[in-house]
Amino acid sequence: MDVEHPQIGKTLSNSTSTAFSPVPFPGNTRQQQENLDLSECPIRLEEGENFNQINEDEIRKSLLVEAKRRKCWNSKAIEKMVFEEIVHNCCYHYVLESFTETRSTADAVQPSSSTMSNSSALVRIRSFEESGSTVDISTNSLNSKINNPTITKTLFSADFGHNPWDFDVKPDDDFVNQIKILEMPNSQRLSTCHTCKGEALIHCFHCRGLGTDKCTYCRGTGMKAGVAHPALYTHPMIGTFSGDNRKSVGGGISSSNRGFPFSGTAMIKPALLGSQRDKPYAAGTPVHFMAKAGLPPPGIGQHDLCIFCHGRGIRDCQHCKGQGKKCCLACGGNGQVRIFTKLKVAFAVECSDYYTPCEMPDHLLRQANGQLIFTETRPYVHPVRKHKIKEINEVSKHFCAAHLKRLLDSCRVLKQRHCIERIMVAKVRFKLGSKCGRFFVFGDQRLCYIPKESISSNCSLM
Numbered sequence: 001m002d003v004e005h006p007q008i009g010k011t012l013s014n015s016t017s018t019a020f021s022p023v024p025f026p027g028n029t030r031q032q033q034e035n036l037d038l039s040e041c042p043i044r045l046e047e048g049e050n051f052n053q054i055n056e057d058e059i060r061k062s063l064l065v066e067a068k069r070r071k072c073w074n075s076k077a078i079e080k081m082v083f084e085e086i087v088h089n090c091c092y093h094y095v096l097e098s099f100t101e102t103r104s105t106a107d108a109v110q111p112s113s114s115t116m117s118n119s120s121a122l123v124r125i126r127s128f129e130e131s132g133s134t135v136d137i138s139t140n141s142l143n144s145k146i147n148n149p150t151i152t153k154t155l156f157s158a159d160f161g162h163n164p165w166d167f168d169v170k171p172d173d174d175f176v177n178q179i180k181i182l183e184m185p186n187s188q189r190l191s192t193c194h195t196c197k198g199e200a201l202i203h204c205f206h207c208r209g210l211g212t213d214k215c216t217y218c219r220g221t222g223m224k225a226g227v228a229h230p231a232l233y234t235h236p237m238i239g240t241f242s243g244d245n246r247k248s249v250g251g252g253i254s255s256s257n258r259g260f261p262f263s264g265t266a267m268i269k270p271a272l273l274g275s276q277r278d279k280p281y282a283a284g285t286p287v288h289f290m291a292k293a294g295l296p297p298p299g300i301g302q303h304d305l306c307i308f309c310h311g312r313g314i315r316d317c318q319h320c321k322g323q324g325k326k327c328c329l330a331c332g333g334n335g336q337v338r339i340f341t342k343l344k345v346a347f348a349v350e351c352s353d354y355y356t357p358c359e360m361p362d363h364l365l366r367q368a369n370g371q372l373i374f375t376e377t378r379p380y381v382h383p384v385r386k387h388k389i390k391e392i393n394e395v396s397k398h399f400c401a402a403h404l405k406r407l408l409d410s411c412r413v414l415k416q417r418h419c420i421e422r423i424m425v426a427k428v429r430f431k432l433g434s435k436c437g438r439f440f441v442f443g444d445q446r447l448c449y450i451p452k453e454s455i456s457s458n459c460s461l462m
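The sequence shown begins at 1 in the UniProt record's numbering and counts up by one.
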């Protein structure tokens, strides 16, 4: 009995870069091949001896279309053309298709969902017993029911198995290439996040863990104009803009590039933090001047200060919000990650075809549609043995054996189908003036093929 797991059918994203390891199809593949009796052939080919031939009017119309496309003859030349001989023939197209399934696995890591611990979340657990009953419980009543041995066995002793081939995954359409990436049931486990070591926070590299960064509006000067006040250069108690990279009064490193984009910022942290005045500030700013001189710089008002940092020259880091640490993206701030196995199911179509010999190239015959005289779809098809053309019978036997030998060891064959298509071909020998040539009209679309020798010797745009 096929049992559906709640996780089967959920397509996973961000899986294109995952390296999957193929898993061979286990079990009795050789036994299945040995049990196939290829000598039996319950196939009946219903093919009439009479078929609709291509008449002369259809031949002239298709020739006119091809001649205009290749600029060989005009309509008057085609009307004057004499068809000396029209030979009707058939080209048979045999096609064998095998619809296969391959599976591969890969380990994946995702942040553990915080909703798993939510008391109002509904946990759906499907029992894998023969009864196939479904038990729906909520996490707030799980503690009361876990003491019951029967319920405990039903909920936690279900053996899902670890073989990727134990689960039933059906394709959307038969004989269509498609890939499904799912989460394999009973493969998930919780582990400590290796990025944050279970702390749920990581070091902020944008502010180097300080929680502050240079104000981008005033370029770290604390002034609305973006240029440091002259009093900061000349005041004897500051001396942070000497240009010789010596230690500042506050302990920071001075820089002659102060006020320019992408320049560094020497920050000073007061010993006592509490009020707005005691917050960290950048060296060479109005707040630095007031901290050392006790008075604001002369000629500077509140309206001259930066409206974002208020004269400090630094702002709270926008990435960590001034904390110096930010939420770990690997675990989503939970400190734990969910490790599970991705199951990649690839459905593919292996196709082999054959055209009976004719005077036309195969790539043109592939464009033509014909009459379908036989088709069969089975788990394992038998070779065709009753066709009037022996080549079709031999090719069918060879294709069936080759597909089973090549596919059964590496994948699972879901279905096979083969068909025989009859394509009408009319070979026309014509005469135009003193020159002769030949061309072909084929298929239900009445396609036309003109060999190069017929064009080079008879090309005329009258």
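Yeah, the Cβ is synthetic: ideal placement off N, Cα and C, and Gly gets one too.
All figures in this text were calculated on a predicted structure; none of them were measured in a lab.
* From this set, ARG60, LYS326, PRO111, HIS93, which residue's C-alpha is nearest ILE389's C-alpha? -> For ILE389, the closest alpha carbon among the candidates ARG60, LYS326, PRO111, HIS93 is that of HIS93.
* To do: Taking ASN186 as the reference, give the member of PRO164, SER62, PHE83 with the closest Cα.
  => Selected option, being the one with the closest Cα: PRO164.
* Buried or exposed: where does ARG103 fall if 16 or more other Cβ atoms within 10 Å of its Cβ makes it buried? -> ARG103 comes out buried.
* To do: Would you please state the rounded distance, in angstroms, between the beta carbons of LEU343 and THR192? I believe it to be under 8 Å.
  => So it is not a contact: roughly 25 Å between Cβ atoms.
* Starting from the Cα of LEU329, find the closest Cα among MET184, SER113, PHE20, GLU66 and give me that residue. => Of MET184, SER113, PHE20, GLU66, the residue nearest in Cα terms is SER113.
* Asked: With a Cβ-Cβ cutoff of 8 Å, do CYS327 and LEU201 count as a contact?
  -> Contact check for CYS327 against LEU201 passes: the beta carbons are separated by less than 8 Å.
* To do: Thinking ASP444 and GLY370 are a contact (beta carbons under 8 Å), I'd like their distance in whole angstroms, please.
  => Their Cβ separation, rounded to whole angstroms, is 6 Å, which keeps ASP444 and GLY370 in contact under 8 Å.
* To do: Tell me where the beta strand (DSSP E) around PRO22 begins and ends.
  => Annotation: the continuous beta strand (DSSP E) that includes PRO22 extends over 21 to 23.
* Asked: Out of GLU391, LYS292, SER396, LYS321, which has the shortest C-alpha to C-alpha gap to SER352?
  -> For SER352, the closest C-alpha among the options GLU391, LYS292, SER396, LYS321 is that of SER396.
* To do: Look up PRO379 in the DSSP assignment and say whether it is helix, strand or coil.
  => Judged by DSSP in its simplified three-state form, PRO379 adopts coil rather than helix or strand.
* **Residue ranges of each alpha helix (DSSP H) within the segment 368 to 424, 4 or longer** => The segment 368 to 424 contains, as complete alpha helix (DSSP H) runs of 4+ residues, the segments 390 to 407 (chain order).
* Asked: Near ARG412, what residues of its chain come up, given a Cβ to Cβ distance below 7 Å and the 5 sequence neighbours on each side ignored?
  -> Shown here for ARG412: same chain residues with a beta carbon closer than 7 Å to its own, the five before and five after excluded, namely PHE25, THR100, GLU101 in chain order.
* Asked: Exposed or buried, what is ASP213 when buried is set at 16 or more other beta-carbons lying within 10 Å of its beta-carbon?
  -> ASP213 counts as buried, since at least 16 other C-beta atoms from the protein chains shown sit within 10 angstroms of its C-beta.
* Asked: Expressed to the nearest angstrom, what Euclidean distance is found between the alpha-carbon atoms of ALA19 and MET184?
  -> ALA19 and MET184: Cα-Cα distance of roughly 16 Å.
* Go through its chain and collect everything with a Cβ distance to ASP244's Cβ below 6 Å, but skip five positions before and after it. => Only weak support exists for where ASP244 lies, its pLDDT of 37 falling under 50; the value from the coordinates is given anyway. If we look at ASP244 and ignore the five residues flanking it on each side, it has no Cβ neighbours.
* Could I get the ranges of all uninterrupted alpha helix (DSSP H) runs contained in the segment 343 to 367, with 4 residues as the minimum, in chain order? => Unbroken alpha helix (DSSP H) stretches of 4 residues or longer found wholly inside the segment 343 to 367: 362 to 365, given in chain order.
* GLU58: first and last residue of the uninterrupted alpha helix (DSSP H) it sits in -> Run containing GLU58: 56 to 70, per the alpha helix (DSSP H) assignment.
* Under a Cβ-count criterion, where at least 16 other Cβ atoms within 10 Å of its own Cβ denotes burial, should LEU447 be classed as buried or exposed? -> A residue is called buried when at least 16 other Cβ atoms come within 10 angstroms of its Cβ; LEU447 meets this threshold and is buried.
* Extent of the continuous alpha helix (DSSP H) run through VAL169 -> Counting along the chain, VAL169 falls outside any alpha helix (DSSP H), and DSSP gives it neither H nor E.
* Asked: Is the segment 302 to 320 touching the segment 215 to 223, taking contact as three or more C-beta pairs under 8 Å?
  -> Result yes; three or more Cβ-Cβ pairs closer than 8 Å.
* **Counted within 10 angstroms of its Cβ, other Cβ atoms place LEU404 as buried (16 or more) or exposed** => With a threshold of 16 other beta carbon atoms within 10 Å, LEU404 meets it and is buried.
* Inter-residue spacing [alpha-carbon to alpha-carbon] between residue 497 and GLN178 -> Outside the shown range of the chain (1 to 462) lies residue 497, about which nothing can therefore be said.
* Inter-residue spacing [alpha-carbon to alpha-carbon] between ILE373 and THR356 -> Those two C-alpha atoms are separated by around 15 Å.
* Should SER133 be labelled buried (16 or more other beta-carbon atoms within 10 Å of its own) or exposed? -> Unreliable placement is indicated for SER133, whose pLDDT of 33 sits below 50; no coordinate value is reported for it.
* **Whole-number beta carbon distance between PRO297 and LEU232, since they are thought to touch under 8 Å** => The pair is a contact, with the Cβ atoms about 7 Å apart (cut-off 8 Å).
* Beta-carbon proximity list for PHE160, same chain, < 6 Å, skipping 5 on both sides -> Note that PHE160 scores a pLDDT of 46, beneath 50, so its modelled location is shaky and nothing firm can be said.
* Unbroken beta strand (DSSP E) run spanning HIS203, endpoints -> It spans 201 to 203 - the beta strand (DSSP E) in which HIS203 sits, taken as one unbroken run.
* **Alpha-carbon to alpha-carbon, THR375 and GLN367** => Cα-Cα distance, rounded: 20 Å.
* On a CA-only basis, which of VAL428, ALA67, SER454, PRO451 is nearest ASN89? Give me that one, please. => It is VAL428 whose Cα lies nearest to the Cα of ASN89.
* Using a beta-carbon distance below 8 Å, is ILE202 in contact with chain B? -> In the structure shown, chain B does not exist; there is a single protein chain.
* To do: Mind checking which residues open and close the beta strand (DSSP E) that includes HIS88?
  => Residues 82 to 111.
* **Environment of residue 464 [buried if 16+ CB atoms lie within 10 Å]** => Past the boundaries of the shown model lies residue 464; the chain is included only from 1 to 462, so the question cannot be answered.
* **GLN416 classed as buried or exposed, judged by whether at least 16 other C-beta atoms fall within 10 angstroms** => Classification of GLN416: buried, given that the 10 Å Cβ count is 16 or more.
* In its own chain, which residues sit with a C-beta less than 7 Å from the C-beta of ASP304, not counting the 5 before and 5 after it? -> Hits under 7 Å: MET223, LYS224.
* To do: Have a look at the DSSP bridge pairing and note the partners of ARG315.
  => The partner list for ARG315 (beta bridge, DSSP) reads ASP213.
* Which of the three DSSP states, helix, strand or coil, is assigned to GLN53? -> Correct three-state label for GLN53: coil.
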